[in-house]
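Taken in sequence, the protein lines are chains F and H.
The numbering of the first sequence is our numbering, which starts it at 1 and goes up by one.
The numbering of the second sequence is our numbering, which starts it at 1 and goes up by one.
Take a look at the structure set out below.
Protein chains: 2
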Amino acid sequence: MKVLAILYNGYKAAKAEPRLLGTVENELGLRAYLESLGHEYVVTSSKDGPDSDFHKHIADTDILITTPFHPGYLTKDLMDKAKNLKVCVTAGVGSDHVDLNAAVDRKIQVLEVSGSNVVSVAEQVMMSILLLVRNFVPAHEMIERGDWQVSDIARNAFDLEGKVVGTMGAGRIGYRVLQRLQPFNCKELLYYDYNALPASAENTVNARRVEDLKDFVSQCDVVTVNAPLHEGTRGIINKDLLQHFKPGAWLVNTARGAICNAEDVASAVKSGQLRGYAGDVWNVQPAPKDHPWRHMKNPLGGGNGMTPHYSGTTLDAQTRYAEGTKTILQNYFEGKPQDPGNVIVGLGKYESQSYGKR
Amino acid sequence: MKVLAILYNGYKAAKAEPRLLGTVENELGLRAYLESLGHEYVVTSSKDGPDSDFHKHIADTDILITTPFHPGYLTKDLMDKAKNLKVCVTAGVGSDHVDLNAAVDRKIQVLEVSGSNVVSVAEQVMMSILLLVRNFVPAHEMIERGDWQVSDIARNAFDLEGKVVGTMGAGRIGYRVLQRLQPFNCKELLYYDYNALPASAENTVNARRVEDLKDFVSQCDVVTVNAPLHEGTRGIINKDLLQHFKPGAWLVNTARGAICNAEDVASAVKSGQLRGYAGDVWNVQPAPKDHPWRHMKNPLGGGNGMTPHYSGTTLDAQTRYAEGTKTILQNYFEGKPQDPGNVIVGLGKYESQSYGKR
């Protein structure tokens, strides 16, 4: 079989750090294994446009491996070219870069390594909430530029204690965020999800479900997005919804960039309607140099906590998703059942409810 | 009586934001109260050198109010000039800028607003640990400069899960840090303190005491300093102790800058012996423009999470320490007993064990 992996370039870093498994250079550590079974293994970062390696190799690829960090966008058109494609594996969590409805139609399975980096992302959410609420970035920049003016930082710095924090999505990541918020003595924890948590889980994290989205955001000092990107969530945080946020609320999105309207969020930060926005996901990745989220600031010069998409690809996470990818491939080659939690699209049908109610 | 307060300047920010109570402009909200009782109230930020307002006014001041953020250093020499001084109130936590032994000798009481910002600082510790371990600063700087190279960030980004975290000091702040670490599934939580926690408190946070300091630091992936500055802690983190840290450990210090030797810490970060250092406290405040902590970086260009000293002066904290200062003054004027937790030096003797065993 031909296995094609779309990974990000590691350059010198990948040579110096062998734990950077998710790079083109280190190939998820799969080459020896795949070649020992007689399979062909092609690894590339070239992914966009008709001349890219991705578009050229997909024609005779049997198994495609991608990641959310440097996503190979598998559109319906590209699937039409992929006559041999049987399985797509996402090394990580989040398979929205694959046209899932088209995969169902073509009986292409879509699997991901569900548990591999949910903790990594939940930690990034906690960090992002704290650094927005506590006004870290302008404080650090002040030190770097040789300045010292405590009042300019303190005037927009708050404690997380006593705030209302809500998660859009209380699944694998959102629930872990709620767990990590427990000791911070927040005023209230809320969640918005089309599935209610089981009563015992809800009690464990002492979170209250709010069923209407506008009602939900209007109650939150901090909103964190922990939902997959699908037809029901694309662009859901836009100018209309932002008007229902508390004035001066903070928004953290480590889920998918396209859940937010980029221009609307940037405008809300610039006006102060949002006190800040942080996250590592962008509606196109790599983000263009002129993306409005790179430089947006609130009226007091802070409120931007953006990073490139890396929260789920810490070295600890890379070990887990490389191992998880290998297990998925082993199961496939040996005809063993997959871990049900890893199956997004089975043979011709959705197995997961994560990508909207089906 | 004459009441003298040494606060930081708020300039425009203080005029725009009345919750910036701890500024010269907003005077801890005490003027009307003090003047209604017939007291004189002098507020200034001018604090260093013989020509400063602080050194001039101290001669006939009865009650001195200072903060840790813009500390008025009350030395023994200055106390000799302060013939009328009866009470020093620290609006915040940490009274190391007052020569406490000299205060004992002169029967000058030293009080602080103990509970006012311990949560604020514990949150800053959690934020600082996460942003070092997860390599936030270089990631954000990459976005700001228009770049996108995930591998350069990921190669030095880790999860907090599975790491050993230890606090030097398990008092009011250190214990709150241990509480907030509970849901992060750390490999182990350790503490170093000359007082053992009560067994029930130790069990609550599932932390193990290590009695030898070198042994303690050698076991930690992350060390957080949550101890007061006193004779026993000044300069305790120096070249000798740093050699006992795990190679590549992270160090967070939001306690007092002088607990660390500044040059030794900067060298350890530059060499990679420390993977990073974050905190908001400096051995002199305001920190000079050429302080080595402003620009130190690890060999991979990250590992600096410094800010000016503001963690305990969020707007939420300012409300609490302004109210707490007023309560201390009221108790003093009305001859009521002080909250025992707020008394560092009583009449001629230490009442707190926080500043070393006495």
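Just so it is clear, CB atoms sit at the ideal spot from N, CA and C, and this is done for glycine as well.
As the structure is a computational prediction, the values presented were derived from the model and not from experiment.
With which residues is residue 8 (chain H) paired in a DSSP beta bridge?
On the second sequence, position 8 is the one that residue 8 (chain H) refers to. Residue 8 (chain H) pairs with H:23.
With H, G and I counted as helix, E and B as strand and the rest as coil, what does DSSP make of residue 314 (chain H)?
Within the second sequence, residue 314 (chain H) is the residue found at index 314, counting from 1. In this structure, residue 314 (chain H) counts as coil in the three-state DSSP scheme.
As a quick exercise: from F:270, F:298, F:234, F:293, pick the residue whose alpha carbon is nearest that of residue 97 (chain F).
Here residue 97 (chain F) refers to the residue found at position 97 of the first sequence. Per the Cα distances, F:234.
Three-way DSSP call (helix, strand, coil) for residue 251 (chain F) in this model:
Residue numbering aside, residue 251 (chain F) sits at position 251 when the first sequence is read from its first letter. DSSP places residue 251 (chain F) in strand when its eight states are reduced to three.
At the level of alpha carbons, what is the spacing between residue 286 (chain H) and residue 117 (chain F)?
Residue mapping note: residue 286 (chain H) aligns to position 286 of the second sequence, counting from 1. Residue mapping note: residue 117 (chain F) aligns to position 117 of the first sequence, counting from 1. Computed Cα separation, rounded: 41 Å.
Going by beta-carbon coordinates alone, are residue 328 (chain F) and residue 111 (chain F) separated by less than 7 Å?
Here residue 328 (chain F) refers to the residue found at position 328 when the first sequence is read from its first residue. Here residue 111 (chain F) refers to the residue found at position 111 when the first sequence is read from its first residue. Yes; because the gap between Cβ atoms is below 7 Å, this pair is in contact.
Run the CB neighbour count on residue 32 (chain F), radius 10 Å, all protein chains shown included, and call it buried at 16 or more, exposed below.
Counted from its first residue, the first sequence places residue 32 (chain F) at position 32. Residue 32 (chain F) is exposed by the Cβ-count criterion.
Tell me the residue span of the beta strand (DSSP E) that contains residue 161 (chain H).
Locating residue 161 (chain H) in the second sequence gives position 161, counting from the first residue. No beta strand (DSSP E) holds residue 161 (chain H); DSSP gives it neither H nor E.
Going by DSSP in three states, residue 256 (chain F) sits in which element: helix, strand or coil?
For this step, residue 256 (chain F) is matched to residue 256 along the first sequence. Correct three-state label for residue 256 (chain F): coil.
Through-space distance from residue 247 (chain F) to residue 266 (chain F), alpha-carbon basis
Counting from one through the first sequence, the residue named residue 266 (chain F) turns up at place 266. Counting from one through the first sequence, the residue named residue 247 (chain F) turns up at place 247. About 15 Å.
Can at least three beta-carbon pairs, one atom from the stretch 49–58 of chain F and one from the stretch 310–326 of chain F, be found at a separation below 8 Å?
no
Under the DSSP definition of a beta bridge, which residues are partnered with residue 90 (chain F)?
Stepping through the first sequence from its first residue, residue 90 (chain F) is reached at position 90. Looking at the DSSP assignment, residue 90 (chain F) forms a beta bridge with F:66, F:112.
Touching or not, the stretch 124–143 of chain F and the stretch 9–16 of chain H, by the rule of three or more beta carbon pairs under 8 Å?
no
What's the C-alpha gap between residue 339 (chain H) and residue 353 (chain H)?
If you number the second sequence from 1, residue 339 (chain H) lands on position 339. If you number the second sequence from 1, residue 353 (chain H) lands on position 353. When rounded, the distance between both Cα atoms is 15 Å.
Report all residues from its chain with a CB closer than 6 Å to the CB of residue 6 (chain H); omit the five preceding and five following residues, and keep chain order.
As a working note, residue 6 (chain H) is residue 6 in the second sequence. Correct list, in chain order: 47, 54, 66, 72.
When the distance is taken between beta carbons, is residue 217 (chain F) closer than 7 Å to residue 188 (chain F)?
Position 188 of the first sequence, counted from the start, is the residue given in the question as residue 188 (chain F). Position 217 of the first sequence, counted from the start, is the residue given in the question as residue 217 (chain F). Taking 7 Å as the Cβ cut-off, residue 188 (chain F) and residue 217 (chain F) do not qualify as a contacting pair.
So, residue 226 (chain F) versus residue 173 (chain F), is the Cβ gap smaller than 7 Å?
Working through the first sequence from its first residue, we reach residue 226 (chain F) at position 226. Working through the first sequence from its first residue, we reach residue 173 (chain F) at position 173. Yes, the pair counts as a contact, with Cβ atoms nearer than the cut-off.
Pair every Cβ in the stretch 20–31 of chain F with every Cβ in the stretch 144–159 of chain H, then say whether three or more of these pairs are closer than 8 Å.
yes
Tell me which residues of the stretch 249–267 of chain H have at least one Cβ-Cβ distance to chain F shorter than 9 Å, keeping chain order.
none
Just the Cα atoms here: how many angstroms apart are residue 3 (chain F) and residue 228 (chain F)?
The residue given as residue 3 (chain F) occupies position 3 in the first sequence. The residue given as residue 228 (chain F) occupies position 228 in the first sequence. So the alpha carbons of these two residues sit roughly 26 Å apart.
Mind listing which residues of the stretch 297–318 of chain F have their C-beta closer than 9 Å to chain H's C-betas, in chain order?
300, 304, 305, 306, 307, 308, 309, 310, 311, 313, 314, 315, 316, 317, 318
Using a C-beta to C-beta distance shorter than 9 Å, which residues of chain F count as neighbours of residue 289 (chain H)?
On the second sequence, residue 289 (chain H) is found 289 positions in, with the first residue counted as 1. Within 9 Å Cβ-Cβ: 146, 147, 148.
Alpha-carbon spacing of residue 62 (chain H) relative to residue 319 (chain H), whole angstroms:
Numbered from 1 along the second sequence, position 62 holds the residue referred to as residue 62 (chain H). Numbered from 1 along the second sequence, position 319 holds the residue referred to as residue 319 (chain H). Rounded to whole angstroms, residue 62 (chain H) to residue 319 (chain H) spans 24 Å at the Cα level.
Run of the beta strand (DSSP E) containing residue 344 (chain H), from where it starts to where it stops
Residue numbering aside, residue 344 (chain H) sits at position 344 when the second sequence is read from its first letter. First-last of the beta strand (DSSP E) with residue 344 (chain H): 343–345.
Identify the residues that DSSP records as bridge partners of residue 180 (chain H): which are they?
The residue given as residue 180 (chain H) occupies position 180 in the second sequence. Answer by DSSP bridge pairing: none, since residue 180 (chain H) is not bridged.
Identify the contact partners of residue 158 (chain H) in chain F, using a Cβ-Cβ distance below 8 Å as the criterion.
As a position in the second sequence, residue 158 (chain H) is number 158, starting the count at 1. Correct list: 314, 315, 316.
Please tell me whether residue 23 (chain F) has its Cβ less than 7 Å away from any Cβ of chain H.
Here residue 23 (chain F) refers to the residue found at position 23 when the first sequence is read from its first residue. Yes, because at least one Cβ of chain H sits closer than 7 Å to the Cβ of residue 23 (chain F).
Taking DSSP as the reference, what is the three-state secondary structure of residue 206 (chain H)?
The count along the second sequence starts at 1 and reaches residue 206 (chain H) at position 206. Looking at residue 206 (chain H) - three-state DSSP - the assignment turns out to be coil, as it is neither helix nor strand.
Using a Cβ-Cβ cutoff of 7 Å, what residues of the stretch 123–135 of chain H are near chain F? List them in chain order.
123, 124, 126, 127, 130, 131, 134
Find the nearest neighbour of residue 213 (chain F) within the set F:237, F:106, F:291, judged by alpha-carbon distance.
In the first sequence, the residue the question calls residue 213 (chain F) occupies position 213. Ranking the options by Cα distance to residue 213 (chain F), first place goes to F:237.
Leaving out five residues before and five after residue 160 (chain F) in sequence, what residues of the same chain have Cβ atoms less than 7 Å from its Cβ?
Position 160 of the first sequence, counted from the first residue, corresponds to residue 160 (chain F). Here the set comprises 129, 130, 133, 184, 186.
Compare the C-beta of residue 202 (chain H) with all C-beta atoms of chain F and state if any pair is closer than 7 Å.
Residue numbering aside, residue 202 (chain H) sits at position 202 when the second sequence is read from its first letter. Judged by the 7 Å Cβ criterion, residue 202 (chain H) is not in contact with chain F.
Hey, out of F:104, F:255, F:257, F:223, whose CA is closest to residue 245 (chain F)'s CA?
As a working note, residue 245 (chain F) is residue 245 in the first sequence. Considering only alpha carbons, the answer is F:223.
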